[in-house]
Amino acid sequence: MKFPIPWIGQYTELPGDDDVARAFTLSGSEVEGRETEEGETVMEFGITVNRPDCMNVYGLAREASVLFGEGLKAVEKAVSESGPPTAQLTSVTIEAPELCPRYRARVIRGIKVGMSPAWMQKRLAQCGLRPINAVVDATNFVLMELGHPLHAFDMDKLKERRIVVRRAKPGEKITTLDGVERTLDPERLVIADALRPVALAGVIGGEDTGVTFGTGSILLEGAVFEPVNIRRTSKALGLHTDASHRYERGVDPEGPAAALDRCAKLILDMCGGTLAPAPVDIYPAPAAPKKVVLRHGRLVSLLGMDIAPERCASILTALGFGMDAREEGAWTVTVPSFRVDVSREADLIEEVVRVNGLEGLRAELPQGIDPVGGRPAELEFEERLRDQLVAAGCSEAIHMSMTDPAVEKALGACAQAVPLANSLAPANSVLRTSLLPPLLLTAAKNRSRGVRRVALFELGRAYLPAESGLPREDPRAAVLLYTDAPAKAWGAAPVPRLLDLKGKVESALDRLGLEVVFTAAERFPFASGLCLDLSVAGRRVGSVGTLAPRALDAAGLKGGSAHYAEWSLGGLEALCRPPSFTSLSRYPSVVRDFSFMADKGVSWAALRGKLASLPLPNLKAIHLVDCYEGEGVPEDKRSWTVSMVFQSPDRTLTEEDVVPVAPVVTGALQEAFGAVLR
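Written as structure tokens, this is what we have:
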């Protein structure tokens, strides 16, 4: 937001521009740039969304008066009133009080609308606004000066000269000041006359009742609207205005009175006319002042620096807070109505420290604080898994939860994606049901920039529709290996295969103490015969496989190969075996190899599981040596060679120790799988 420094200087004394920029930046209202317009310095302020009170000249002047220890001048808004009271000239009815807690109206008659004076046009132009006419310019001037949005209606164009604040009727239409006809629904709050909408509440006025050079009487509106409804209307209709920007963040509920009086004075000075006394003010439930307890001891412990109690009280008083001593070292602080962002003790402490500065903060680390302790078990598990995947040679990717519905559908999402009510773009209009679409799109983006091999992983959330309420979040991990660059040079790494990915996943989970079982499966988007289900403790948690070519085509990856794994992390942290240490044996090991034939349908996981379950003392390891199909082996059989390692921790094994192994192994394999020794 751009504001001229001399305008701010009308209400408080200011030092040089460099000092002003530094003080505002260090206190939270960052000065992002400055320029000279019409011989005056104009600064661009990066006002944070929680500080709507600073989105105007007077709010910045209030801040400056505290930062530089100067007085704050009042805004001139005294007006003279005459004629019949406002209630005899118009009426206001609020039919949606939950969306409009306050509506205040003033009426000025007998005006002659012309152009605003040069000084006002100059100020508006410096703030980035275009002069229109004296009345409209006055409302915009007050918006920039005091921060409260106002609107002026041509009163003669209001049907029955009255105002009704209500929800729009289904299919109701309004042509707004930008010349666009808009169709409304009951979610939109409108300002209407006796027959039709004449403005979108808090966003933009209607063209039919806009003030022109022929206007003779005006109704000035100053209101308070519910912020969430204004934001939804603004987003749904694609309208972002200076008014909606402030209403979305919350305005001072007491602001309409001062803003209307200031605007009325400016209009009377420029256009003449008479101001009706006793403005109509529908305010059924005035907001009670917020009161927050501030303890000096808490301030010291939270900041790690001691700011004198007198200094704390003087800062808050200068900022407009009411200070009542509650007990020694504590105050009951009354929050001014324009500070809609302050509701807790921590907020008050922030106010003190941002004005006081951090010069008194000691350069030492806090004692007795564990920066990692206290994390939930699932987060600690994710951190350990992240370390293992990085150690496996993968790079972490972080994506938004929104994704492209077309890519989701093309990749065969197993669940209906949850749509967003107000998406940023069509390509980000649904919540992802899998981590695959964004990872593939990232691989495609890297490929378009010449990166022909990627090894990516992500720990994130998938969003699955629930029967009622919000979608169910499922924490997941995913790994993607993609390449279209065969090894060409001596010593170059070979092209990654499905077994490489399986090894990375199996190794990472094994190091976390999880026993993983892989079984053959058929699932899209994996290629036929190249998919494995991943199970932990008898529960399927995900899949590993080679992606089908049409899955790559959906993400814009033409050619190459991609291997992908995705699994759910929910509850896995509770299944991890705690790490333990076993001393290395000083005695030699004994190896026994077994070659046998079994049906093709028997998997290595089943064989290994059976061998590991046998009651064989001193069994140290089981290794797969060979798996063969072809000449010399029946067509429906597969030949296996398995190596079993035996080792004792306290003695050298003898022949008698391992002789009983062979009959136990052969008998178990024959009984379980019909296997026959070769």
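Basically my numbering = 1-based index in the sequence shown + 330.
We treat Cβ as the ideally placed atom computed from N, Cα and C, and that holds for glycine.
Please report the residue range of the alpha helix (DSSP H) in which Pro-1038 lies. The structure shown does not extend to residue 1038, since the chain spans only 331 to 1008, so no value can be given for it.
Does the separation of the CB atoms of Gln-977 and Ser-919 fall below 7 Å? The count along the sequence shown starts at 1 and reaches residue 977 at position 647. The count along the sequence shown starts at 1 and reaches residue 919 at position 589. Contact flag set, yes.
Just tell me which of Glu-712, Lys-739, Arg-783 has its CA closest to the CA of Arg-762. Along the sequence shown, read from residue 1 onward, the residue named residue 762 stands at position 432. The shortest C-alpha separation from Arg-762 is found at Lys-739.
From the DSSP output, in three-state form, read off Met-331 for me. Translated into the one-based positions of the sequence shown, residue 331 becomes position 1. Met-331 falls in the coil class under three-state DSSP.
Round the Cβ separation of Glu-681 and Leu-633 to the nearest angstrom and send it over; I've been treating them as touching at under 8 Å. The sequence position of residue 681 within the sequence shown is 351, counting from 1. The sequence position of residue 633 within the sequence shown is 303, counting from 1. Wrong, their Cβ atoms sit about 12 Å apart, outside the cutoff.
Under the three-state reduction of DSSP, which class applies to Thr-420: helix, strand or coil? Here residue 420 refers to the residue found at position 90 when the sequence shown is read from its first residue. Note: Thr-420 maps to coil in three-state DSSP.
Burial state of Ser-725, where buried means 16 or more other Cβ atoms lie within 10 Å: As a working mapping, residue 725 is identified with position 395 in the sequence shown. That one is exposed.
Suppose the cutoff is 8 Å on Cβ atoms and the five residues either side in sequence are ignored; what does the same chain contact list for Arg-592 look like? Taking the sequence shown and counting its residues from 1, the one referred to as residue 592 is at position 262. Val-405, Glu-406, Lys-407, Val-472, Glu-475, Leu-476.
Assigned secondary structure, Pro-918 (DSSP; H/G/I helix, E/B strand, else coil): Position 588 of the sequence shown, counted from the start, is the residue given in the question as residue 918. If DSSP states are grouped into helix, strand and coil, Pro-918 belongs with coil.
Note down the Cα distance separating Val-465 from Gly-540, rounded to an integer number of angstroms. Taking the sequence shown and counting its residues from 1, one reaches residue 465 at position 135. Taking the sequence shown and counting its residues from 1, one reaches residue 540 at position 210. Near 10 Å, if we compare the C-alpha coordinates of Gly-540 and Val-465.
State yes or no: is the C-beta of Asp-923 within less than 7 Å of the C-beta of Ser-969? Position 593 of the sequence shown, counted from the first residue, corresponds to residue 923. Position 639 of the sequence shown, counted from the first residue, corresponds to residue 969. Contact: no.
Go through its chain and collect everything with a Cβ distance to Ser-913's Cβ below 8 Å, but skip five positions before and after it. Taking the first residue of the sequence shown as 1, we reach residue 913 at position 583. Pro-979, listed in sequence order.
DSSP beta-bridge partners of Trp-897: If you number the sequence shown from 1, residue 897 lands on position 567. Ala-807, Gly-872.
If I follow the unbroken beta strand (DSSP E) through Thr-647, where does it start and stop? Counted from its first residue, the sequence shown places residue 647 at position 317. Where Thr-647 is concerned, there is no enclosing beta strand (DSSP E), although the alpha helix (DSSP H) it sits in stretches over 639-648.
Whole-angstrom distance between Asn-386 and Leu-794, CA atom to CA atom: Reading the sequence shown from its first residue, position 464 is the one you call residue 794. Reading the sequence shown from its first residue, position 56 is the one you call residue 386. Between Leu-794 and Asn-386, the C-alpha separation is close to 44 Å.
Per DSSP, the bridge partner or partners of Phe-926: For this step, residue 926 is matched to residue 596 along the sequence shown. Paired residue(s): Trp-970, Leu-1007.
Quick one: what does DSSP say Gly-535 is sitting in, helix, strand or coil? Taking the sequence shown and counting its residues from 1, the one referred to as residue 535 is at position 205. In the structure shown, Gly-535 sits in a strand (DSSP, three-state: E or B).
For His-481: DSSP bridge partner residues: To locate residue 481, count along the sequence shown from 1; it is residue 151. Paired residue(s): Glu-551.
Best match in Thr-984, Thr-371, Asn-380, Glu-370 for proximity to Asp-671 [C-alpha to C-alpha]: Within the sequence shown, the letter at position 341 stands for residue 671. Nearest of Thr-984, Thr-371, Asn-380, Glu-370 to Asp-671, Cα basis: Asn-380.
Thinking C-alpha only, which one of Leu-944, Ala-608, Phe-856, Ser-910 is nearest Ala-417? The residue you call residue 417 lines up with position 87 of the sequence shown. Answer by Cα proximity: Ala-608.
Take the Cβ of Tyr-917 as the centre, count every other Cβ of all protein chains shown within 10 Å, and call the residue buried at 16 or more, exposed below. Within the sequence shown, numbered from 1, the residue matching residue 917 stands at position 587. With fewer than 16 Cβ atoms within 10 Å of its Cβ, Tyr-917 is classed as exposed.
Would Glu-370 pass as a contact of Pro-345 if the rule is Cβ separation under 7 Å? Position 40 of the sequence shown, counted from the start, is the residue given in the question as residue 370. Position 15 of the sequence shown, counted from the start, is the residue given in the question as residue 345. Their beta carbons are not under 7 Å apart, which means Glu-370 does not touch Pro-345 by this criterion.
Is Phe-668 helix, strand or coil when you go by DSSP? As a first step, residue 668 is located in the sequence shown; it is residue number 338 there, counting from the start. It is coil, neither helix nor strand.
Short of 6 Å in beta carbon distance, which residues of its chain neighbour Arg-802, apart from the five on each side in sequence? Order them along the chain. Taking the sequence shown and counting its residues from 1, one reaches residue 802 at position 472. Only Leu-794, Ala-796 meet the Cβ criterion.
Return the first residue and the last residue of the beta strand (DSSP E) that Gly-627 is part of. Here residue 627 refers to the residue found at position 297 of the sequence shown. Run containing Gly-627: none in the beta strand (DSSP E); it sits in the alpha helix (DSSP H), 626-633.
DSSP puts Tyr-812 in a beta bridge; with which residues? Position 482 of the sequence shown, counted from the first residue, corresponds to residue 812. Note: Tyr-812 sits in a beta bridge opposite Val-784, Ala-892.
Extent of the continuous alpha helix (DSSP H) run through Ser-778: Within the sequence shown, residue 778 is the residue found at index 448, counting from 1. Start and end: 766-778.
Checking the sheet assignment: what are the DSSP bridge partners for Met-373? Taking the sequence shown and counting its residues from 1, one reaches residue 373 at position 43. Met-373 is bridged to Phe-333, Arg-364.
If you compare alpha carbons, which of Ala-881, Gly-568, Pro-909, Phe-1003 is closest to Ala-928? As a working mapping, residue 928 is identified with position 598 in the sequence shown. Selected option, being the one with the closest Cα: Phe-1003.
Can you name, in chain order, every residue of its own chain whose Cβ lies under 6 Å from the Cβ of Glu-537, other than the five neighbours on each side? Within the sequence shown, the letter at position 207 stands for residue 537. Closer than 6 Å at the Cβ level, and outside the excluded window around Glu-537, lie Thr-505, Leu-507.
Per DSSP, cross-strand counterpart(s) of Lys-503: Walking along the sequence shown from the start, residue 503 turns up at place 173. According to DSSP, which records beta bridges pairwise, Lys-503 is partnered with Thr-513.
Among Pro-500, Leu-754, Leu-789, which has the Cα closest to the Cα of Leu-519? Along the sequence shown, one-based indexing puts residue 519 at 189. Nearest of Pro-500, Leu-754, Leu-789 to Leu-519, Cα basis: Pro-500.
On the DSSP bridge list, what partners appear for Phe-848? By one-based count along the sequence shown, residue 848 stands at place 518. In DSSP, Phe-848 forms a bridge with Leu-864.
Going by DSSP, what residue range makes up the alpha helix (DSSP H) through Pro-461? Numbered from its first residue, the sequence shown carries residue 461 at position 131. Note, Pro-461: premise wrong, no alpha helix (DSSP H); not H, not E.
Between Asp-814 and Tyr-958, what straight-line distance do the alpha-carbon atoms span, to the nearest angstrom? On the sequence shown, residue 814 is found 484 positions in, with the first residue counted as 1. On the sequence shown, residue 958 is found 628 positions in, with the first residue counted as 1. If you take the alpha carbons of Asp-814 and Tyr-958, they lie about 29 Å apart.
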